[in-house]
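Per UniProt numbering, the sequence shown starts with residue 1, numbered consecutively.
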Amino acid sequence: MDLTWSAQDEQFRAEARDWLVANVPRQPLPSGDTAAGFAAHLEWERALHADRWSVVSWPREYGGRDASIWQWLIFEEEYYRAGAPQRVTQNGIFLLAPTIFEFGTKEQRDELLPRMAAARDLWAQGWSEPNAGSDLAGIRSRAVRDEQAGGWRLSGQKTWSTRGAFCTHLFGLFRTDPQAQRHRGLTYFLVPLDTPGVTVRGFDRLDGDEGFADVFFEDAFVPDSAVLGGVDQGWSVAMSTTGSERGLTLRSPGRFRKAADALVALAGERAEAATDLLRDRVARSWMQAHAYQQFTLAQVTDIVEGRPAGARSSLNKVFWSELDIALHETALELLGPDALVDGPWTRGYQFSLSGPIYAGTNEIQRNIIAERLLGLPRR
């Protein structure tokens with residue numbers, strides 16, 4: 001693995017850094033999981049798009065810069081270094097878009113991707129259901145064929161849709177063949193949330209943010225063009241999306257290197273609280289953040305050379321989710337009683353606890369690692 005950057009890559013880094021320094025909001029934006037904060041973040045997303053920084057690795061025809069995957073990593077590193085706002089469009093640009101590039105028709109790509117890049121269409125996930133969380137194959141929401149109308153009638157409920165209360169569209173799985181085995185007979189649909197028969201009900205989290213939503217479908221009609229990747233082929237399509245969610249697309253190493261550097265700075269500020277044990281944990285967190293970057297670079301090398309990550313994305317997911325908790329737990333111990341005051345480290349810790357749950361629980365990921373990577377028996 002060649003760890004040197006080309007002159008072109010360094011030029012890209014300098015351009016990205018200069019733009020971010022000039023444009024990142026001077027004051028932190030409100031939480032993107034509140035209505036006011038989401039609106040403020042959309043202004044930022046549209047500023048990114050106006051100068052082609054919202055989706056740098058996409059083709060220019062869809063709003064990108066034709067940047068390489070290496071340059072995307074560079075941009076992510078500079079993005080976090082600059083303290084830029086969270087990406088409230090991440091469900092679309094980081095999770096759904098790679099799936100559309102892989103499975104979408106040209107018509108779907110041409111219609112959906114430019115609007116996604118411009119933050120005009122805002123996508124929520126439609127995975128979890130009241131009786132099917134980590135067991136994605138256990139979903140009960142159904143899609144029934146309407147031959148006369150040339151489309152599908154959707155019924156059921158999706159829950160825990162991140163920022164679903166503010167989004168315009170939803171992607172997710174529906175069962176199109178109830179007689180098929182669990183992982184078969186599923187179809188991946190792209191659904192506008194203003195479709196008649198679709199009801200979105202937002203609900204508050206314990207921290208007061210209001211972005212989560214339940215989404216109900218009552219005989220909601222969508223045309224055949226709403227199917228992504230083929231009827232009854234939804235499981236394979238969904239695994240592409242979950243691979244993006246578990247792997248480097250959603251959690252680039254720049255995020256954790258930034259957090260690790262902030263932890264080192266905090267340890268310096270709280271020297272009186274930094275016992276030998278805590279200093280060791282700070283150093284370990286910093287090393288693990290850099291180890292995650294090296295792992296990611298190796299993975300990108302494989303992808304560039306035609307070896308997709310596949311089940312190895314589960315390794316990413318376990319690593320970054322547990323690293324995130326360790327970073328924040330150490331920070332809270334350094335803060336001591338001050339950790340009880342609402343602040344970035346406290347908020348970050350609360351969010352980090354969800355990491356081993358969303359994108360497929362770590363228990364499930366360890367099963368995947370054991371069976372598909374290590375070849376261990378199921379029992």
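The beta carbon of each residue, even a glycine, is placed where N, CA and C say it ideally should be. Just so you know, these numbers come straight off a predicted model, no measurement behind them.
Between which two residues does the alpha helix (DSSP H) harbouring residue i extend?
i, result
"F12", "7 to 23"
"F94", "It is not in any alpha helix (DSSP H) - F94 carries neither H nor E in the DSSP assignment."
"Y80", "69 to 81"
"E111", "106 to 117"
"A267", "253 to 269"
"I357", "Run containing I357: none; DSSP gives neither H nor E here."
"E363", "362 to 368"
From the DSSP secondary-structure annotation, give me the bridge partner or partners of residue i.
i, result
"T199", "F216"
"G221", "In the sequence as displayed, the identity of residue 221 is Phe instead of Gly. Note: F221 sits in a beta bridge opposite R153."
"V304", "Beta-bridge pairing links V304 to no other residue."
"V227", "F189"
So is residue i buried or exposed if we call it buried at 16+ other beta carbons inside 10 Å?
i, result
"P192", "exposed"
"S6", "exposed"
"K158", "buried"
"G92", "buried"
"I368", "buried"
"A14", "exposed"
"R257", "buried"
"R175", "buried"
"E343", "Per the sequence presented here, residue 343 reads as Gly, with Glu not at that position. By the neighbour-count rule (16 or more Cβ atoms within 10 Å), G343 is not buried but exposed."
Using only alpha-carbon positions, find the residue among the options that is nearest to residue i.
i, options, result
"S285", "A267, A273, D302, E272", "A267"
"N316", "A289, D66, S155, P25", "A289"
"S31", "G229, L340, F166, W235", "F166"
"R279", "W19, L327, Q293", "L327"
"D121", "A262, Q86, T346, L170", "L170"
"A40", "A84, V56, I357, E15", "A84"
"P223", "D2, V144, R307", "V144"
"residue 380", "T176, V237, E218, G164", "Examination of residue 380 is not possible in this model, given that the chain is present from 1 through 379 alone."
"V215", "Q108, V227, D194, L228", "D194"
"Q293", "D276, R312, R251, L186", "R251"
"A220", "G151, S352, F101", "G151"
"W19", "F319, W53, R255, G211", "W53"
"T352", "I364, N362, G375, E322", "The sequence as given places Ser at residue 352; Thr does not occur at that position. Per the Cα distances, E322."
"L96", "Y358, L112, I303, W44", "L112"
"E77", "Q181, D261, T176", "D261"
"G211", "G348, E218, G230, W160", "W160"
"T275", "R109, S240, G336, L173", "G336"
request  = Counting only runs of 3+ residues fully inside the UniProt domain "Acyl-CoA oxidase/dehydrogenase middle" (124 to 218), write out the beta strand (DSSP E) ranges in chain order.
outcome  = With a minimum length of 3 residues, the continuous beta strand (DSSP E) runs that stay inside the UniProt domain "Acyl-CoA oxidase/dehydrogenase middle" (124 to 218) are 142 to 146, 151 to 161, 169 to 175, 186 to 192, 198 to 202.
request  = Counting only runs of 4+ residues fully inside the region 312 to 353, write out the alpha helix (DSSP H) ranges in chain order.
outcome  = As far as the region 312 to 353 is concerned, its whole alpha helix (DSSP H) runs of at least 4 residues are 313 to 335, 344 to 352.
query = Can you give, in chain order, each stretch of the beta strand (DSSP E) that sits fully within the region 24 to 58 and has at least 3 residues?
reply = With a minimum length of 3 residues, no continuous beta strand (DSSP E) run stays inside the region 24 to 58.
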